[in-house]
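Everything below concerns the one structure shown next.
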Amino acid sequence: MRINQNQSKPLFAAETAVNLRLFVFVLLSIVVMTLDHRHQHLDSVRNALATLVFPVQYAIQLPFDAAQRLSRSLASHATLLEENRRLRQKQVFINAQIQKLAALEAENRRLRMLLESSVNISERVLIAELMKVDFDPYRHRILLNKGTFHGVHAGQPLLDQQGIIGQIVHASTFTATAILITDPNHALPVQVNRNGLRTLAVGTGNFQELELPHIPNNDDIEVGDLLVTSGLGGRFPRGYPVATVTRVEFDPGRPFARITARPITELDRKREMLLIVDDPASNHPSLAADVDLP
C-alpha cells in the first residue's frame, strides 16, 4: 500500500503541473492577443513567421496548382478543338452559301438582261428555262420548262438578250423541245444588215459556226457583216440579230462563195431564254423555210 501511495503522488503532481502550465499559456495568449489587438506590437513577428512559413505553404500548394493548370489546359484544348470543328463546319456551310449566292446573282443578272431586252421587243414574250440538253453532238436540241399550257406552240421563235437562239419544234402540256440555229437540220432566212442581201444561215453542228451556202462569188458580203432575220418564212420576226460573218472565200471554180458566220449568242451556255408569243394560226407552214431541213 505504501508503494501505491508513493506512485500516485508524482502522478497527481505531474497532472497539476501540466494544468498549471496550460493555464499560464492560456493566460499569456489572452494577454498577448489583447496587447496585439490594441497596440499591434506583434505585426513584425507575424510577418517574420509568415515569411518563414511561405516556402512550406508554396510547396504544399504547388501540386494542387499544377493539377488545376493542367486541368484547365486540357479543358481549354478540348474546347478549342470543339470550337475549331464547329468553325470548320460553319465555314463549309458559308462557302456553299456563297457559291449558291454567286449562282443566284449570275442568274439574276441574266434575268435582268432578259427583262431589259424584252422591253425593247415589240412582240409579247415568255421567259422559259432550260431543263435538258440533247447530248448528241450533231443534234442541237433542248427541253424547256414551258408548254402548251403556257401558250407555247411549234414554230415559236426562241431568243435571248443578244439574238436568235432557235425555234420550238414540239410542245407538250408543260414542256417544249426547241431546235437551235446551229443544228445541221435547221436553216434560217437572214439578210446582211449592211446592204439587205438575203440568204439562208444553215446549222453545221458546231455551236460557234453557221454556213451561208448560196451566195454567189460576185455578191457584196464582207467579214464582220451583221446577219439579221429577214422576216421571210413566216416564223422569225424581222430584224433580230443572228450572226456575224467570220470568213468569206471566193472560189472561181465554184458557183458560190464559201462563207461562215459566228452566232451572236453563246448557244452552249444559255439557261434562260425568251419565247415570242404570237398567234399560232398566223403561222403558215408552207412559207416556213426555216424549219427542219429534209
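In the numbering used here, the protein residues as written are 3 to 296. Note that the Cβ used here is the ideal one computed from N, Cα and C, for glycine as well.
The C-alpha of Leu132 is placed about 8 angstroms away from the C-alpha of Lys272.
When C-beta atoms of the region 138-146 are compared with those of the region 255-266, fewer than three pairs fall below 8 angstroms, so the two segments do not count as touching. DSSP places Ile223 in the coil class of the three-state scheme, outside both helix and strand.
When beta bridges are read from the DSSP output, Met275 appears opposite Ala130. Shown here for His216: same chain residues with a beta carbon closer than 7 angstroms to its own, the five before and five after excluded, namely Thr201, Leu202, Phe258 in chain order. If you ignore the 5 residues before and after Thr248, its C-beta comes within less than 7 angstroms of the C-beta of Val225, Thr262, Ala263, Arg264, all in its own chain and listed in chain order. In the same chain as Phe252, and ignoring 5 residues on each side of it, the C-beta atoms closer than 7 angstroms to its own belong to Asn219, Ala259, in chain order. By the neighbour-count criterion, in which a residue is buried when 16 or more other Cβ atoms sit within 10 angstroms of its Cβ, Gly165 is buried. Secondary structure note for Ala245: its beta strand (DSSP E) is the uninterrupted segment 243-251. For Thr231, the enclosing beta strand (DSSP E) has its first and last residue at 228-231. Residue pairing of Leu160 in beta bridges, as defined by DSSP: Gly168, Leu277.
DSSP links Thr206 through a beta bridge to no other residue. Going by DSSP, Thr262 is part of the beta strand (DSSP E) stretching over 260-265.
Per the coordinates, the alpha-carbon of Ala80 lies some 60 angstroms from the alpha-carbon of Leu277.
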